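Written below as structure tokens is the structure these notes are about.
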Ligand SMILES: [Zn+2]
């Protein structure tokens, strides 16, 4: 039935160019050992003013692509998605950043991912970071298409994203919201009068009761058009702009103060192990000599190594990745620089042996 509605919906997508229903695979699941006392105490202590983000959260990015090395998420889309998400979390004084190199996984089977294939991701997990895997298609084990899913802090440690939903401005922040302890706003039968808001619904009393938003009860101008009533017979007045709702992604762009409290609580308790060890963890003893020429370079660069090259990554002066290439298992690689603007770059070469080299060059 759900599949039928999604098919109908995709037809609508073509007719009206309206976004797809946000299908999130995260199942709301009550935290078994939640302590209201610890949470309240945290809020008292956390109530100080900050001028800058004080919680920095490292993302390990894994882009799954075809075995021949194509079809992975475009990095421009990725960087824009991280920027958008950071703007949405900025009022919480939380900032996400990409820790270490982006990892490319050439695996055609995992490129179209089902949630029962998770154990195949284990070898790629970077400890103590938020591991996010980007895939071409994402399905639940029962075959429902998903935009993404994540685990709650008390349930697991993984975020899955479907490439096509990464640019929608809402799914990435939504899944990281789950990862940091936020429920769906329609979870657990909250009443419109909010009399049960502290122990029903999403546990955030400033998010109104939500009947389960979607394209059938939110119009193209992001107005709620539903006529549902709750157990008391009261009409819902949900928050269509809330990122943890199922409102169409064009409509959802914000979190509330109570959601901020929960996110900061989990980020500093059950998720407090998050830290980026790279690139500091790069063992400088593993640093190998390398020759690159010409330098300055114009349209291409030759990399001459003493070991078999696994991959080459180039970063611009702001440490943003601008080029990534899988090695062919040889000692030499040619890199085209035609797409780079003039400036100073860092080239990072990883070897099959596990060592690496770093060097700066000028493109002119
Ligand atoms: Zn969700």
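Residue numbers (this note's numbering): 18 to 381.
Idealized CB from N, CA, C, for every residue including glycine.
Since this is a predicted model, take the numbers as computed values, not measurements.
Buried versus exposed, by CB contacts within 10 Å (16 or more), residue i
{"i": "residue 155", "result": "buried"}
{"i": "residue 189", "result": "buried"}
{"i": "residue 220", "result": "buried"}
{"i": "residue 259", "result": "buried"}
{"i": "residue 283", "result": "buried"}
{"i": "residue 150", "result": "buried"}
{"i": "residue 279", "result": "buried"}
{"i": "residue 31", "result": "Because residue 31 sits at a pLDDT of 31, beneath the cut-off of 50, its placement in the model cannot be relied upon, and the point is left open."}
{"i": "residue 183", "result": "buried"}
{"i": "residue 240", "result": "exposed"}
{"i": "residue 148", "result": "buried"}
{"i": "residue 47", "result": "exposed"}
{"i": "residue 95", "result": "buried"}
{"i": "residue 67", "result": "exposed"}
{"i": "residue 350", "result": "buried"}
{"i": "residue 297", "result": "Its pLDDT being 46, under 50, residue 297 is placed unreliably in this model, and the value from its coordinates should be taken loosely. Counting Cβ neighbours within 10 Å, residue 297 comes out exposed, since fewer than 16 surround it."}
{"i": "residue 380", "result": "buried"}
{"i": "residue 276", "result": "buried"}
{"i": "residue 107", "result": "exposed"}
{"i": "residue 179", "result": "buried"}
{"i": "residue 170", "result": "buried"}
{"i": "residue 125", "result": "exposed"}
{"i": "residue 76", "result": "buried"}
{"i": "residue 360", "result": "exposed"}
{"i": "residue 121", "result": "buried"}
{"i": "residue 51", "result": "exposed"}
{"i": "residue 306", "result": "exposed"}
{"i": "residue 113", "result": "buried"}
{"i": "residue 318", "result": "buried"}
{"i": "residue 218", "result": "buried"}
{"i": "residue 321", "result": "exposed"}
{"i": "residue 53", "result": "exposed"}
{"i": "residue 250", "result": "exposed"}
{"i": "residue 206", "result": "exposed"}
{"i": "residue 303", "result": "exposed"}
{"i": "residue 99", "result": "buried"}
Cβ distance (whole Å) where residue i is taken to contact residue j below 8 Å
{"i": "residue 86", "j": "residue 355", "result": "Not a contact, Cβ separation roughly 19 Å."}
{"i": "residue 367", "j": "residue 328", "result": "5 Å"}
{"i": "residue 167", "j": "residue 193", "result": "7 Å"}
{"i": "residue 265", "j": "residue 232", "result": "6 Å"}
{"i": "residue 118", "j": "residue 363", "result": "No, residue 118 and residue 363 are not in contact; Cβ-Cβ is about 12 Å, not under 8 Å."}
{"i": "residue 40", "j": "residue 238", "result": "Going by Cβ atoms, the distance from residue 40 to residue 238 rounds to 22 Å, so no, they are not a contact pair."}
Bridge-paired residues (DSSP) for residue i
{"i": "residue 176", "result": "149 and 167"}
{"i": "residue 377", "result": "363"}
{"i": "residue 309", "result": "320"}
{"i": "residue 154", "result": "129"}
{"i": "residue 120", "result": "79"}
{"i": "residue 246", "result": "252"}
{"i": "residue 41", "result": "165"}
{"i": "residue 351", "result": "319"}
{"i": "residue 113", "result": "74"}
{"i": "residue 343", "result": "328"}
{"i": "residue 314", "result": "380"}
{"i": "residue 241", "result": "235"}
{"i": "residue 368", "result": "326"}
{"i": "residue 271", "result": "259"}
{"i": "residue 304", "result": "373"}
Check whether residue i and residue j have beta carbons under 8 Å apart
{"i": "residue 186", "j": "residue 101", "result": "yes"}
{"i": "residue 268", "j": "residue 235", "result": "yes"}
{"i": "residue 60", "j": "residue 291", "result": "no"}
{"i": "residue 45", "j": "residue 191", "result": "no"}
{"i": "residue 227", "j": "residue 196", "result": "no"}
{"i": "residue 81", "j": "residue 115", "result": "no"}
{"i": "residue 353", "j": "residue 326", "result": "no"}
{"i": "residue 394", "j": "residue 378", "result": "In the structure as shown, the chain begins at 18 and stops at 381. Residue 394 is therefore absent and cannot be evaluated."}
{"i": "residue 209", "j": "residue 230", "result": "no"}
{"i": "residue 263", "j": "residue 203", "result": "yes"}
{"i": "residue 84", "j": "residue 123", "result": "yes"}
{"i": "residue 8", "j": "residue 175", "result": "Given that the chain is displayed from residue 18 to residue 381, the structure contains no residue 8 and the question cannot be resolved."}
{"i": "residue 273", "j": "residue 242", "result": "no"}
{"i": "residue 129", "j": "residue 157", "result": "no"}
{"i": "residue 109", "j": "residue 199", "result": "no"}
{"i": "residue 324", "j": "residue 376", "result": "no"}
{"i": "residue 285", "j": "residue 72", "result": "yes"}
{"i": "residue 63", "j": "residue 281", "result": "yes"}
{"i": "residue 163", "j": "residue 88", "result": "no"}
{"i": "residue 145", "j": "residue 314", "result": "no"}
Can you tell me which residues fall inside 6 Å of ligand 3, judged by beta-carbon distance to its nearest heavy atom, and keep chain order?
Ligand 3 is not among the ligands present in this structure, which contains only ligand 1.
Just to confirm the assignment: which complete alpha helix (DSSP H) runs, minimum length 4, are found wholly within the region 171–239?
With a minimum length of 4 residues, the continuous alpha helix (DSSP H) runs that stay inside the region 171–239 are 180–183 and 188–196.
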